[in-house]
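Accompanying notes for the structure given below.
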């Protein structure tokens, strides 16, 4: 009898697979895959963060040394430089939206970085070579326009690849944009603190101011050289993605086409919001400049020792970065109720036990649905809902790229509709739209392109208005240069 029972147990063990053991094997395999993907994502995050700093570093290098421009250049130089930079950026950005896909990414990035490197070296060198102030101002605007054109090449490529390789990469680039202003201000404060320690004459002060700005631009050019190596680290990943994208090109869906009027009606509110953000951002420094009526009404010195301009710009850069990071903080999840739970639709192809993964997926999906229903009935169930949400977040090991569902109260009946991937144009305005408190989802690339065109036009209009206002200000004739 004992031998017969042993035979029966052996036969049952052979006929019935051990699902728990297969699930353990599947979990171990997926843990290793998840760990490698996590390390890869962290590396990509750091790369796009550094490239994001490089995206706005040339522009910040141009507008930050205010005391140098006011001392040796025409009084309208800052406004003219900002307008020239944005004009070049706008023209190339418009071209990239239409024909950007025809060009090689590596060629575009190399051209943009080389243009920045040469321009940042040329701009401060023009000061001792050209003595005439007006001629020097006009010639200096030429490399500034080239910097703007290089930004029109650089920014769409990096942001496009960031969104394609993962949404966190676009956020990393936006964070790098905010840090770029702080990096330039830190360099200027460090250099100025070193060179202004001793009391010098006016001629010595002018030479010191020039060498201070020269070192500042050289350090900025050095970071652009560093961006060459950062881009070289990213090229293998981009080439691998392009090869996989070519293999799956037959499965791509056609874009939904809409008329210009339909798209404009849908994006008019976020367009006005972004216009107001850019207008306030660009107009505020003029209000606190030495030539504004607000500045003189406070009876402040026209230039002081140069630290006033630095302190104003540093404060502006700090709060600009803080404002850009506010929407991404976890405080927002606590203040606003979460409307949905991300869940996966199928197991990856490399899984050794799809049945076990499917069973676990169904369990967590039911648990999340029940927790969401309980949360809607009583707020005391938020702790349970968050614990279930953490369990759902652990399902990233089952995540598949092209099939991700978003379970929400209005979408619980339809569990077969995947969310669409955001295009790079939508990510361009994610930061500005989130700052305004609006929620907007782009449904096609045409919406993004029209909104991008509208923002560039609005930026140019604001720059022209500021230039005209600055030019006809009566106090410009009274205060030509800041004297020590």
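In the working numbering, the protein residues as written are 229 to 712. Ideal placement from N, C-alpha and C gives every residue a C-beta, glycine not left out.
By the three-class DSSP mapping on this structure, what secondary structure does residue 586 have?
For the purposes of this step, residue 586 is taken as residue 358 along the chain shown, with counting starting at 1. Only weak support exists for where residue 586 lies, its pLDDT of 49 falling under 50; the coordinates are left without a value.
Using DSSP with H/G/I as helix, E/B as strand and the rest coil, what is residue 358?
Start at 1 with the first residue of the chain shown, and residue 358 comes out as number 130. In the structure shown, residue 358 sits in coil (DSSP, three-state: anything other than H, G, I, E or B).
Compute the distance between the beta-carbons of residue 367 and residue 348, then report whether it is under 8 Å.
By 1-based counting over the chain shown, the position of residue 367 is 139. By 1-based counting over the chain shown, the position of residue 348 is 120. Taking 8 Å as the Cβ cut-off, residue 367 and residue 348 do not qualify as a contacting pair.
In chain order, what residues of the same chain lie with their CB nearer than 8 Å to the CB of residue 339, ignoring the 5 residues before and after it?
One-based indexing of the chain shown puts residue 339 at position 111. Excluding residues up to 5 positions away in sequence, 378, 381 lie with their Cβ nearer than 8 Å to the Cβ of residue 339 in the same chain.
Whole angstroms are fine: how far does the CA of residue 441 sit from the CA of residue 356?
Numbered from its first residue, the chain shown carries residue 356 at position 128. Numbered from its first residue, the chain shown carries residue 441 at position 213. Spanning the two alpha carbons is a distance of roughly 12 Å.
Using the rule of at least 16 other Cβ atoms within 10 Å of the residue's Cβ for burial, across every protein chain shown, is residue 363 buried or exposed?
Working through the chain shown from its first residue, we reach residue 363 at position 135. Its Cβ having fewer than 16 others within 10 Å, residue 363 is exposed.
Tell me the rounded alpha-carbon separation between residue 324 and residue 543.
Residue mapping note: residue 324 aligns to position 96 of the chain shown, counting from 1. Residue mapping note: residue 543 aligns to position 315 of the chain shown, counting from 1. Approximately 34 Å, taken between the alpha carbons.
Can you check whether the CB of residue 384 is closer than 8 Å to the CB of residue 321?
Residue numbering aside, residue 321 sits at position 93 when the chain shown is read from its first letter. Residue numbering aside, residue 384 sits at position 156 when the chain shown is read from its first letter. Yes, Cβ-Cβ distance for residue 321 and residue 384 is below 8 Å.
Proximity winner among 267, 278, 417, 452, relative to residue 403 (alpha-carbon distances):
One-based indexing of the chain shown puts residue 403 at position 175. When each option's Cα is compared against that of residue 403, the closest is 278.
Residue 282 - DSSP class collapsed to helix/strand/coil:
Locating residue 282 in the chain shown gives position 54, counting from the first residue. Reduced to three states, the DSSP call for residue 282 is helix.
From 280, 309, 273, 297, residue whose alpha carbon lies closest to that of residue 451:
On the chain shown, position 223 is the one that residue 451 refers to. When only C-alpha atoms are compared, the closest one is 280.
With DSSP as the reference, label residue 394 as helix, strand or coil.
In the chain shown, residue 394 corresponds to position 166, counting from 1. If DSSP states are grouped into helix, strand and coil, residue 394 belongs with coil.
Whole-angstrom distance between residue 369 and residue 317, CA atom to CA atom
If you number the chain shown from 1, residue 317 lands on position 89. If you number the chain shown from 1, residue 369 lands on position 141. Each residue's alpha carbon lies about 13 Å from the other.
In angstroms with no decimal places, state the Cα-to-Cα distance between residue 397 and residue 465.
Position 169 of the chain shown holds residue 397. Position 237 of the chain shown holds residue 465. Using only the alpha carbons, I get a separation of about 13 Å.
Tell me which same chain residues have a C-beta within less than 7 Å of the C-beta of residue 350, skipping the five on either side of it?
Numbered from 1 along the chain shown, position 122 holds the residue referred to as residue 350. Cβ neighbours of residue 350 within its own chain (closer than 7 Å, five residues either side excluded): 371.
DSSP three-state label for residue 433, please.
By one-based count along the chain shown, residue 433 stands at place 205. In this structure, residue 433 counts as helix in the three-state DSSP scheme.
State the start and end residues of the unbroken alpha helix (DSSP H) segment that holds residue 323.
Here residue 323 corresponds to residue number 95 of the chain shown, with the count starting at 1. In the DSSP assignment, residue 323 falls within the unbroken alpha helix (DSSP H) covering 305–327.
Just to confirm the assignment: which complete alpha helix (DSSP H) runs, minimum length 4, are found wholly within the region 327–389?
333–357
I need the DSSP call for residue 618, collapsed to helix, strand or coil.
Along the chain shown, read from residue 1 onward, the residue named residue 618 stands at position 390. Model confidence at residue 618 stands at a pLDDT of 40, short of 50, so the residue's coordinates are unreliable; what they give is reported in the following sentence. Look at residue 618 here: in three-state DSSP terms it is helix.
Closest residue to residue 333 among 541, 489, 494, 470 (Cα-Cα distance)
For this step, residue 333 is matched to residue 105 along the chain shown. For the residues 541, 489, 494, 470, the minimum Cα distance to residue 333 belongs to 470.
Among the candidates 435, 407, 393, whose CA atom is the shortest distance from the CA of residue 467?
Your numbering for residue 467 matches position 239 in the chain shown. The residue with the shortest Cα to Cα distance from residue 467 is 393.
Check whether the Cβ atoms of residue 408 and residue 284 sit closer than 8 Å, and answer yes or no.
Residue numbering aside, residue 408 sits at position 180 when the chain shown is read from its first letter. Residue numbering aside, residue 284 sits at position 56 when the chain shown is read from its first letter. Yes, these two residues count as a Cβ contact at 8 Å.
Reference residue 443; option with closest CA among 431, 416, 432, 433
Taking the first residue of the chain shown as 1, we reach residue 443 at position 215. Here the closest residue by C-alpha is 416.
Buried or exposed, going by whether 16 or more other CB atoms sit within 10 Å of the CB of residue 420?
Mapped onto the chain shown, residue 420 falls at position 192. Flag for residue 420 reads buried.
Compare the C-alpha of residue 310 against each of 500, 389, 286 and name the closest.
By one-based count along the chain shown, residue 310 stands at place 82. Of the candidates 500, 389, 286, the one whose C-alpha sits nearest the C-alpha of residue 310 is 286.
Please return the same chain residues whose Cβ sits closer than 6 Å to the Cβ of residue 373, not counting the five positions on each side in sequence.
Within the chain shown, the letter at position 145 stands for residue 373. Here the set comprises 312, 316.
Which same chain residues end up closer than 6 Å to residue 305 when comparing Cβ atoms and leaving out the 5 residues on each side of it in sequence?
Residue numbering aside, residue 305 sits at position 77 when the chain shown is read from its first letter. So the qualifying residues of the chain are 297, 365.
Using a threshold of 8 Å, state whether the C-beta atoms of residue 545 and residue 410 are closer than that.
Numbered from 1 along the chain shown, position 317 holds the residue referred to as residue 545. Numbered from 1 along the chain shown, position 182 holds the residue referred to as residue 410. Result yes, Cβ atoms of residue 545 and residue 410 sit closer than 8 Å.
Following the continuous alpha helix (DSSP H) through residue 294, name the residue where it begins and the one where it ends.
Looking up residue 294 in the chain shown gives position 66. It spans 294–300 - the alpha helix (DSSP H) in which residue 294 sits, taken as one unbroken run.
Closest Cα partner of residue 293 within the set 549, 439, 550
Taking the first residue of the chain shown as 1, we reach residue 293 at position 65. For the set 549, 439, 550, the Cα lying nearest the Cα of residue 293 is the one of 439.
For residue 405, which residues of its own chain have a beta-carbon under 7 Å away from its beta-carbon, when the five flanking residues on both sides are left out?
Start at 1 with the first residue of the chain shown, and residue 405 comes out as number 177. Closer than 7 Å at the Cβ level, and outside the excluded window around residue 405, lie 280, 283, 284.
Here's a check: name, in chain order, each residue in its chain whose Cβ is nearer than 6 Å to the Cβ of residue 455, leaving out the five neighbours to either side.
Taking the first residue of the chain shown as position 1, residue 455 is located at position 227. The residues are 282, 341.
Skipping 5 residues on each side, what residues in its chain have a beta carbon closer than 8 Å to that of residue 224?
Any answer about residue 224 is impossible in this case: the structure gives the chain only from 229 up to 712.
Return yes when the Cβ of residue 275 is within less than 8 Å of the Cβ of residue 458, no when it is not.
The count along the chain shown starts at 1 and reaches residue 458 at position 230. The count along the chain shown starts at 1 and reaches residue 275 at position 47. Between residue 458 and residue 275, the C-beta spacing is below 8 Å.
Measuring straight from C-alpha to C-alpha, what distance separates residue 462 and residue 360?
To locate residue 462, count along the chain shown from 1; it is residue 234. To locate residue 360, count along the chain shown from 1; it is residue 132. Taking the Cα positions, residue 462 is about 45 Å away from residue 360.
Run the CB neighbour count on residue 413, radius 10 Å, all protein chains shown included, and call it buried at 16 or more, exposed below.
Residue mapping note: residue 413 aligns to position 185 of the chain shown, counting from 1. Burial call: buried.
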